[in-house]
Amino acid sequence: MAIINNTSLKPFNTFGIEAKAQSYCAISSVEMLKTILKEQHKNPLFILGGGSNMLLTKDIEALVLHINLKGIETVSETNDIVVIKAMSGENWHNFVLWCLQNNYGGIENLSLIPGNIGTAPIQNIGAYGVELKDVFVSCEAMHIETQTIKTFTKADCNFGYRESVFKQDLKGQYIITSVNLELSKTNHQLHTNYGVIKKELETIGVTTPTIQDISNAIIAIRQSKLPDPKELGNSGSFFKNPIISTEDFALLEQNFPDIPSYKISDKTVKVPAGWLIEKAGFKGKRFNNYGVHSKQALVLVNYGNANGKEIFELAQLIQKTIKRLFNISIATEVNII
Ligand code: EPU
177 MAIINNTSLK
187 PFNTFGIEAK
197 AQSYCAISSV
207 EMLKTILKEQ
217 HKNPLFILGG
227 GSNMLLTKDI
237 EALVLHINLK
247 GIETVSETND
257 IVVIKAMSGE
267 NWHNFVLWCL
277 QNNYGGIENL
287 SLIPGNIGTA
297 PIQNIGAYGV
307 ELKDVFVSCE
317 AMHIETQTIK
327 TFTKADCNFG
337 YRESVFKQDL
347 KGQYIITSVN
357 LELSKTNHQL
367 HTNYGVIKKE
377 LETIGVTTPT
387 IQDISNAIIA
397 IRQSKLPDPK
407 ELGNSGSFFK
417 NPIISTEDFA
427 LLEQNFPDIP
437 SYKISDKTVK
447 VPAGWLIEKA
457 GFKGKRFNNY
467 GVHSKQALVL
477 VNYGNANGKE
487 IFELAQLIQK
497 TIKRLFNISI
507 ATEVNII
């Protein structure tokens, strides 16, 4: 088994942070995963997927298992729908493109999200009115301690806003090996409610959009405000949008009449953290070689060779400032390691 000692994790995290793994192994088959877990499950392990949702603040004193399982296959299909099984190491956006080539609809709004298939259910990735749970059927995952494979249905996963059972009760217990998604072959349900999507479709001159047009629009929108990790290290939204009570929101609105919000229930609203951070004066602020992105305040960026600890300190400063100014606690979306 190819275990390498003292390896740099810089190429494997989209923030581009330098940190060392005590040891590292790329996992290319389910059998290999089973074998290595049998040997190593009692030792400290760190499971690495696409590395797009973490901030490394220190070296990893563990064996890093880099999940590289590949493969896409059709599980079942009718004239209208298809169920596709994708292995967890497949790149998410490449999978979206593969679906578009086959005219399979359902995840076009999730174009260009960084990361891998296997990490998509862990935080129930979402963008522009669609979440993974909308197309999710089930996933298979290996229990680290016993190396048995369990199938998790949608109900088992307990999905919420950027949440699932894998971040809660079962945290650190399973490694997702594959995901089954149900996609449309005909009569695609388009999600164009977001104002920015409508505007972008108008700009590109499309009146009756296809799933490919929606994907093109989303790609253009994302590229206009979210930095490409290949050019500027980042982990997408660093914070979650906070959900607060309608009473607290009413009080805030008295002081900040232009504060945006989205109704979640009769008692709660979601407030864009990007707006709060911008209002607090952080948008576009640069500190040495890290900072807050100039086009989307929810994204923290590494201008090159930044240290994870420094970025974490900036995140804490932002959290404290938002608490002081608005009395709102904003939680990180990114996993701080
Ligand atoms: N806003 C500002 N200033 C900013 C950024 C945002 O005022 O610098 C306000 C604006 O009012 C804007 C609103 O926030 O209308 C919403 O902004 P945006 O559409 O960019 O979405 P978001 O709520 O900031 C969320 C997701 C993104 C996802 C977009 C689109 C979270 C934590 N983030 O961002 O997801 O792409 O919606 O659906 O829910 C990610 O998770 O990494 C991610 C990028």
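Using the working numbering, the first residue of the sequence shown is number 177, and each one after it goes up by one. All residues carry an ideal CB built from backbone N, CA and C; glycine is no exception.
Specify the secondary structure class of residue i as computed by DSSP and reduced to three states.
{"i": "SER391", "result": "helix"}
{"i": "SER400", "result": "helix"}
{"i": "ILE257", "result": "strand"}
{"i": "ASN270", "result": "helix"}
{"i": "ARG338", "result": "coil"}
{"i": "LYS443", "result": "coil"}
{"i": "PHE502", "result": "helix"}
{"i": "THR211", "result": "helix"}
{"i": "PHE508", "result": "Before going on, a small fix: residue 508 reads as Thr here, not Phe. Three-state DSSP puts THR508 in a strand."}
{"i": "PHE425", "result": "helix"}
{"i": "THR353", "result": "strand"}
Verify the contact flag: residue i, CB atom, against every heavy atom of ligand 1, threshold strictly below 7 Å.
{"i": "LEU402", "result": "yes"}
{"i": "ASN511", "result": "no"}
{"i": "ALA303", "result": "yes"}
{"i": "ASN369", "result": "no"}
{"i": "ALA393", "result": "no"}
{"i": "SER176", "result": "Here the chain covers residues 177 to 513 and nothing more, so residue 176 does not appear."}
{"i": "ASN300", "result": "no"}
{"i": "ASN292", "result": "no"}
{"i": "LEU428", "result": "no"}
{"i": "GLN472", "result": "yes"}
{"i": "TRP274", "result": "no"}
{"i": "GLU339", "result": "no"}
Using the C-alpha atoms, what's the distance from residue j back to residue i?
{"i": "ILE180", "j": "GLN349", "result": "24 Å"}
{"i": "PRO418", "j": "GLN344", "result": "18 Å"}
{"i": "SER205", "j": "GLU454", "result": "45 Å"}
{"i": "GLU509", "j": "GLY291", "result": "14 Å"}
{"i": "MET230", "j": "VAL251", "result": "32 Å"}
{"i": "LYS499", "j": "ILE289", "result": "29 Å"}
{"i": "PRO385", "j": "GLU207", "result": "43 Å"}
{"i": "ILE193", "j": "GLN495", "result": "21 Å"}
{"i": "GLU284", "j": "LEU276", "result": "7 Å"}
{"i": "ASN278", "j": "LYS485", "result": "43 Å"}
{"i": "ALA238", "j": "SER199", "result": "7 Å"}
{"i": "VAL447", "j": "LYS218", "result": "42 Å"}
{"i": "LYS330", "j": "GLU316", "result": "11 Å"}
{"i": "GLN365", "j": "LEU357", "result": "15 Å"}
{"i": "LYS347", "j": "GLU429", "result": "37 Å"}
{"i": "ASP332", "j": "ASN465", "result": "42 Å"}
{"i": "ILE352", "j": "ASN431", "result": "46 Å"}
Classify residue i: buried if its beta carbon has 16 or more other beta carbons within 10 angstroms, exposed otherwise.
{"i": "TYR438", "result": "exposed"}
{"i": "PRO403", "result": "buried"}
{"i": "HIS242", "result": "buried"}
{"i": "THR379", "result": "exposed"}
{"i": "PRO433", "result": "exposed"}
{"i": "GLY305", "result": "exposed"}
{"i": "ASN392", "result": "buried"}
{"i": "ASN244", "result": "buried"}
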